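These protein sequence lines map, in sequence, to chains A and B.
Oh and the first sequence: position 133 is 134 in this note's numbering, straight run, nothing missing.
Oh and the second sequence: position 59 is 354 in this note's numbering, straight run, nothing missing.
All residues carry an ideal CB built from backbone N, CA and C; glycine is no exception.
Treat the numbers as computed from the prediction; the structure is a model and nothing was measured.
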Amino acid sequence: MSETRAADPLVERARRGDDVAFGALVEAHQARVFRAALAVLGSPEEAEDVAQEAFLTAHAKLHTFRGDAAFSTWVGRIAWRAALDRRRSLVRRLKRFVSPPEDEWPEPPAGDPSPEARLLGREQRDRTRRAIAALPAGLRDALLMATAGDQPYEQVAAVLGIPVGTLKWRVSEARKRVRASLEAAR
Amino acid sequence: MSEFRDDAAERALDAVARAMTAHPAPDVASAVRARLGARRPAAAARPGWAAGALAAAAVIVIAVWLAPEQEAPAAPATTVARGPRPPVPPAASAVAPPPVRPVPPPPVAAAPRTPALPRLHAPVGPWPGDELRAEPLRVVPLTEPPLAIDEIGLSPLAGPAPLDFEAVDVPGRGEEE
Chain A
2 MSETRAADPL VERARRGDDV AFGALVEAHQ ARVFRAALAV LGSPEEAEDV
52 AQEAFLTAHA KLHTFRGDAA FSTWVGRIAW RAALDRRRSL VRRLKRFVSP
102 PEDEWPEPPA GDPSPEARLL GREQRDRTRR AIAALPAGLR DALLMATAGD
152 QPYEQVAAVL GIPVGTLKWR VSEARKRVRA SLEAAR
Chain B
296 MSEFRDDAAE RALDAVARAM TAHPAPDVAS AVRARLGARR PAAAARPGWA
346 AGALAAAAVI VIAVWLAPEQ EAPAAPATTV ARGPRPPVPP AASAVAPPPV
396 RPVPPPPVAA APRTPALPRL HAPVGPWPGD ELRAEPLRVV PLTEPPLAID
446 EIGLSPLAGP APLDFEAVDV PGRGEEE
């Protein structure tokens with residue numbers, strides 16, 4: 002997908018109040034924004050809420066978008082911050098304390114694993130998923146965002162607000178810890 | 296062989312991580328359109344002039360509310376003499392303030408009545424000491440003139456009389472000796 006800059010006619014039209022153009026922008030970027038929120042929250046329902054809020058915030062603040070970064074990076078960053086706020090919110094913590102979720106980052110409904118994942122087998126996949134879920138939030142966020150595969154490292158780093166080098170280190174460290182955890186479980 | 300195994304494990308790990316965020320994205324666009332559409336009509340239903348009229352009416356109402364407070368005692372006069380204030384031109388806005396209707400107080404639900412406490416009766420009959428209170432004070436006239444100070448033996452110039460310790464009767468003194 003091509004980068005949507007401020008010069009993008011859709012962005013320009015949306016800035017002038019064209020809601021049809023803004024709807025087209027949402028359609029173009031909703032998958033990325035949803036995945037970013039899901040990487041933070043682990044719950045598809047909460048991620049959908051955050052994605053909606055992020056696009057509504059973007060609509061309200063479109064006049065502040067200067068076009069220094071791609072529109073997808075800008076709205077991705079809004080979603081990322083909103084998701085972090087929700088993850089840190091006291092209400093969410095209390096809810097999860099009272100009724101802990103059974104399974105975070107559940108398998109996609111159309112659970113047809115990739116050939117690489119299929120090699121692992123069901124049990125090993127679940128163990129790997131649990132090991133990733135148990136990582137510190139900073140490492141897990143970086144790993145999930147980087148492996149989502151729809152954004153280059155530069156863009157992921159811009160969304161997370163960290164240098165590219167830091168992002169690479171975090172991804173590498175996350176992989177190392179997951180491997181160590183799986184080795185220890187054997 | 297080991298590198299190959301590591302590589303495969305790495306790719307499998309990445310595949311699992313990718314699957315964790317590989318949920319099909321929901322139709323966020325429709326929800327956002329609906330929410331934006333819900334906001335629009337509310338704003339579109341109020342044309343600009345109506346919003347302006349509302350704002351003017353609000354300003355007038357606030358001014359009416361604040362008017363009594365402006366009549367508070369003025370600050371002490373400064374040394375600069377001021378001339379009379381020019382008459383304030385009538386408000387440019389033709390919008391009259393909405394008539395203020397007296398709002399009747401909300402009906403207050405009758406509170407449940409508490410049972411009356413038993414009344415305490417005052418005791419019947421006179422209180423002790425009432426007969427003394429009823430008797431008027433009597434003034435008893437003196438039959439003889441008061442004694443002079445010298446007759447008593449106490450002169451203000453004589454000073455206090457020396458104490459006669461022998462005359463003081465101390466109980467048990469004689470018994471010790």
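Residues of its chain near E157(A), where Cβ-Cβ distance is below 7 angstroms and the 5 sequence neighbours each way are ignored: Position 156 of the first sequence, counting from 1, holds the residue named residue 157(A). Residue 157(A) is actually Val in this sequence, not Glu. Only M146, A147 and L168 meet the Cβ criterion.
DSSP state of R141(A) mapped onto helix, strand, coil: Start at 1 with the first residue of the first sequence, and residue 141(A) comes out as number 140. Helix.
Exposure label - W81(A); buried when at least 16 CB within 10 Å: Here residue 81(A) refers to the residue found at position 80 when the first sequence is read from its first residue. Result: buried.
Euclidean distance between Cα positions of A320(B) and V395(B): As a first step, residue 320(B) is located in the second sequence; it is residue number 25 there, counting from the start. As a first step, residue 395(B) is located in the second sequence; it is residue number 100 there, counting from the start. Answer to the nearest angstrom: the Cα atoms are 54 angstroms apart.
CB of R313(B) within 8 angstroms of CB of A149(A), strictly: Here the question's residue 313(B) lines up with position 18 in the second sequence. Here the question's residue 149(A) lines up with position 148 in the first sequence. Yes, Cβ-Cβ distance for R313(B) and A149(A) is below 8 angstroms.
With 16 other Cβ atoms within 10 Å as the buried cut-off, status of S90(A): Your numbering for residue 90(A) matches position 89 in the first sequence. Answer is exposed; the Cβ neighbour count stays below 16.
Delimiting residues of the alpha helix (DSSP H) encompassing V435(B): One-based indexing of the second sequence puts residue 435(B) at position 140. No alpha helix (DSSP H) holds V435(B); DSSP gives it neither H nor E.
Distance between beta carbons of L11(A) and A25(A), contact taken as under 8 angstroms: Here residue 25(A) refers to the residue found at position 24 when the first sequence is read from its first residue. Here residue 11(A) refers to the residue found at position 10 when the first sequence is read from its first residue. At roughly 6 angstroms, the Cβ-Cβ gap stays under 8 angstroms, so A25(A) and L11(A) are in contact.
Per-residue burial, R187(A) [other beta carbons within 10 Å of its own, 16 or more giving buried]: What you label residue 187(A) is simply residue 186 of the first sequence in a count that begins at 1. That one is exposed.
Per-residue DSSP class, three states only, for S44(A): Here residue 44(A) is taken as the residue at index 43 of the first sequence, counted from 1. Here S44(A) sits in coil by DSSP.
Extent of the continuous alpha helix (DSSP H) run through Q152(A): Here residue 152(A) refers to the residue found at position 151 of the first sequence. Segment: none, Q152(A) is in no alpha helix (DSSP H) and carries neither H nor E.
Check whether G77(A) and V21(A) have beta carbons under 8 angstroms apart: As a first step, residue 77(A) is located in the first sequence; it is residue number 76 there, counting from the start. As a first step, residue 21(A) is located in the first sequence; it is residue number 20 there, counting from the start. No; because the gap between Cβ atoms is not below 8 angstroms, this pair is not in contact.
Segment contact, 8 angstroms Cβ cut-off, at least three pairs: the segment 93–104 of chain A with the segment 53–60 of chain A: no
Contacts of L331(B) in chain A (Cβ-Cβ under 7 angstroms): For the purposes of this step, residue 331(B) is taken as the residue at position 36 of the second sequence. Residues of chain A passing the Cβ test: D20 and H60.
Opening and closing residue of the alpha helix (DSSP H) in which S73(A) lies: The sequence position of residue 73(A) within the first sequence is 72, counting from 1. Residues F72 to R89.
Beta carbon proximity, A320(B) to chain A, threshold 8 angstroms: Against the second sequence, residue 320(B) aligns to sequence position 25. It does: the Cβ of A320(B) has a partner Cβ on chain A nearer than 8 angstroms.
Selection of the segment 147–161 of chain A by Cβ proximity to chain B, strictly under 9 angstroms: A147, T148, A149 and G150
Reduced DSSP category for A58(A) - H, G, I as helix; E, B as strand; rest coil: Residue 58(A) sits at position 57 when you count from the first residue of the first sequence. Per the sequence presented here, residue 58(A) reads as Thr, with Ala not at that position. Here T58(A) sits in helix by DSSP.
Presumed contact (8 angstroms Cβ cut-off) between A143(A) and V172(A), rounded CB distance: Counted from its first residue, the first sequence places residue 143(A) at position 142. Counted from its first residue, the first sequence places residue 172(A) at position 171. Between V172(A) and A143(A) the Cβ distance is about 5 angstroms, and since that is below 8 angstroms, they are a contact.
Rounded separation between G18(A) and P102(A) - CA only: On the first sequence, residue 18(A) is found 17 positions in, with the first residue counted as 1. On the first sequence, residue 102(A) is found 101 positions in, with the first residue counted as 1. Those two C-alpha atoms are separated by around 40 angstroms.
Extent of the continuous alpha helix (DSSP H) to which V179(A) belongs: The residue you call residue 179(A) lines up with position 178 of the first sequence. Counting along the chain, the alpha helix (DSSP H) containing V179(A) begins and ends at V165 to A186.
I133(A) beta carbon less than 8 angstroms from that of M315(B): Position 20 of the second sequence holds residue 315(B). Position 132 of the first sequence holds residue 133(A). Yes. Within cutoff.
7 angstroms Cβ cut-off: residues of chain A touching D309(B): Here residue 309(B) refers to the residue found at position 14 of the second sequence. Per Cβ cutoff of 7 angstroms: T148.
Proximity test, A61(A) beta-carbon vs the ligand SAH heavy atom, cut-off 7 angstroms: This structure lacks the ligand SAH, and indeed carries no ligand of any kind.
Any chain B beta carbon closer than 8 angstroms to V12(A): Within the first sequence, the letter at position 11 stands for residue 12(A). Cβ-Cβ to chain B under 8 angstroms: no for V12(A).
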